[in-house]
Amino acid sequence: MIAQITQYCERNMYKGLTLLMAAGFILSLWQNLDAGNGVGIDVAMVFGLFAGIGALLWANDLTDDAP
């Protein structure tokens, strides 16, 4: 039972991180565009990059035939 939960968490941990990165991207970009902060916009783009990579992994996982 615990092994199954551990395997499930290992397979799906990146999904939660992807959602957090996407939220960080949106909130950081929204705050820093309003303030005109260039460094903050760069940080938002890094969040967006990681969210994009996670989204690609998630899409690949959806098309995978594994259970």
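My numbering numbers the first residue of the sequence shown as 1344 and each following residue consecutively.
All C-beta atoms in this analysis are idealised placements derived from N, C-alpha and C, irrespective of residue type, glycine included.
By DSSP, does residue i sit in helix, in strand, or in coil?
{"i": "residue 1407", "result": "coil"}
{"i": "residue 1375", "result": "helix"}
{"i": "residue 1344", "result": "coil"}
{"i": "residue 1380", "result": "coil"}
Please return the same chain residues whose Cβ sits closer than 7 Å to the Cβ of residue i, not counting the five positions on each side in sequence.
{"i": "residue 1387", "result": "1368, 1371, 1372 and 1375"}
{"i": "residue 1393", "result": "1364"}
{"i": "residue 1357", "result": "1397 and 1400"}
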